[in-house]
Amino acid sequence: DVKVTQSSRYLVKRTGEKVFLECVQDMDHENMFWYRQDPGLGLRLIYFSYDVKMKEKGDIPEGYSVSREKKERFSLILESASTNQTSMYLCASNAPGEYSGNTIYFGEGSWLTVV
Amino acid sequence: RKEVEQDPGPFNVPEGATVAFNCTYSNSASQSFFWYRQDCRKEPKLLMSVYSSGNEDGRFTAQLNRASQYISLLIRDSKLSDSATYLCVVTLPTDSWGKLQFGAGTQVVVTP
Numbered sequence: 010d011v012k013v014t015q016s017s018r019y020l021v022k023r024t025g026e027k028v029f030l031e032c033v034q035d036m037d038h039e040n041m042f043w044y045r046q047d048p049g050l051g052l053r054l055i056y057f058s059y060d061v062k063m064k065e066k067g068d069i070p071e072g073y074s075v076s077r078e079k080k081e082r083f084s085l086i087l088e089s090a091s092t093n094q095t096s097m098y099l100c101a102s103n104a105p106g107e108y109s110g111n112t113i114y115f116g117e118g119s120w121l122t123v124v
Numbered sequence: 167r168k169e170v171e172q173d174p175g176p177f178n179v180p181e182g183a184t185v186a187f188n189c190t191y192s193n194s195a196s197q198s199f200f201w202y203r204q205d206c207r208k209e210p211k212l213l214m215s216v217y218s219s220g221n222e223d224g225r226f227t228a229q230l231n232r233a234s235q236y237i238s239l240l241i242r243d244s245k246l247s248d249s250a251t252y253l254c255v256v257t258l259p260t261d262s263w264g265k266l267q268f269g270a271g272t273q274v275v276v277t278p
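First to last, the sequence lines map onto chains Z and C. To convert, note that position 1 of the first sequence is 10 in our numbering; the numbers rise steadily by one, no gaps. To convert, note that position 80 of the second sequence is 246 in our numbering; the numbers rise steadily by one, no gaps.
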């Protein structure tokens, strides 16, 4: 069974803290993504990576950074958490190309509250 | 303007009824189309791909209208378990890395 695992499901952090969200996939996918999902706004892409050590900014990269040192692992970093980063964060992976839309798999989500 | 737009709903549907809703996309070069389902506080999961000729999967029918730039999803004989948010997903040829464009979702609530 394919799997995208987000290690932290529920976190509460203080403003200014550094936050790490970890994601691991076991499908040998080239692409990995970090989205945030907020009511009424849908999924918004923060960063994506198409290969080890490669990253591209998505639609809302401000306040975030990422790290991909190994193919299976993609980390999202909030350098200094702020209350407007309270959200659900979804990691995903897929294979590139024509079938990217029906090969994308999501982790269960990380619910982050910044107080 | 958003790339992919959906009526947020909710669509309140009696059990056994039919419900249909659309998703519009702005880029005429959009290449591939999908419907995803998301249950409350869960991750999105693929429901079905949408093919040019239209396609069915059991009680679900998806259609693509390229001329008017929308896709649709129809659910027949609605079940309580169909209650969820349905996300429209579109890919562009320029998204060669597999980036997807998501709609914000249409909520469907099936009532007894």
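Every residue gets a Cβ at the ideal spot worked out from N, C-alpha and C, and that includes glycine.
At the 8 Å Cβ level, is residue i part of the contact set with chain C, yes or no?
i: Z:Ile113; result: yes
i: Z:Phe83; result: no
i: Z:Gly116; result: yes
i: Z:Leu99; result: yes
i: Z:Phe57; result: yes
i: Z:Gly49; result: yes
Taking the beta strand (DSSP E) that residue i belongs to, which residues open and close that run?
i: C:Tyr217; result: No beta strand (DSSP E) holds C:Tyr217; DSSP gives it neither H nor E.
i: Z:Arg82; result: 82 to 87
i: C:Ser192; result: That residue, C:Ser192, is in no beta strand (DSSP E); it is neither H nor E in DSSP.
i: Z:Ala101; result: 96 to 103
i: Z:Ile69; result: Note, Z:Ile69: premise wrong, no beta strand (DSSP E); not H, not E.
i: C:Cys254; result: 250 to 257
i: C:Pro176; result: Taken as a continuous stretch (DSSP letters only), C:Pro176 belongs to no beta strand (DSSP E), as it is neither H nor E.
i: C:Leu230; result: 226 to 231
i: C:Arg203; result: 198 to 204
i: Z:Gly51; result: 51 to 60
Would residue i count as contacting chain Z if we go by Cβ distances under 8 Å?
i: C:Leu230; result: no
i: C:Gly271; result: yes
i: C:Pro176; result: no
i: C:Glu209; result: yes
i: C:Phe187; result: no
i: C:Lys245; result: no
Measuring CB to CB, does residue i end up less than 8 Å from residue j?
i: C:Leu253; j: C:Val276; result: no
i: Z:Ser76; j: Z:Ile86; result: yes
i: Z:Tyr98; j: Z:Ser74; result: no
i: C:Leu240; j: C:Thr184; result: yes
i: Z:Glu26; j: Z:Gln15; result: no
i: C:Phe187; j: C:Val256; result: no
i: Z:Met36; j: Z:Tyr114; result: yes
i: C:Cys189; j: C:Glu169; result: no
Taking the straight line between their C-alpha atoms, what separation do you get for residue i and residue j?
i: C:Leu212; j: Z:Val123; result: 31 Å
i: Z:Ala90; j: C:Gly220; result: 45 Å
i: Z:Val28; j: Z:Glu39; result: 25 Å
i: C:Ser244; j: C:Tyr202; result: 17 Å
i: Z:Asn103; j: C:Ala195; result: 21 Å
i: Z:Pro48; j: C:Gln204; result: 13 Å
i: Z:Thr24; j: C:Thr272; result: 33 Å
i: C:Ser234; j: Z:Tyr44; result: 29 Å
i: Z:Arg82; j: Z:Gln34; result: 7 Å
Could you check how far apart the C-beta atoms of residue i and residue j are, in whole angstroms? I think they sit under 8 Å.
i: Z:Gly67; j: Z:Tyr56; result: 5 Å
i: C:Pro176; j: C:Val274; result: 7 Å
i: C:Ala270; j: Z:Leu50; result: 6 Å
At a CB-CB cut-off below 7 Å, which residues of chain D make contact with residue i?
i: Z:Leu52; result: Any reference to chain D falls outside this structure, whose protein chains are Z and C.
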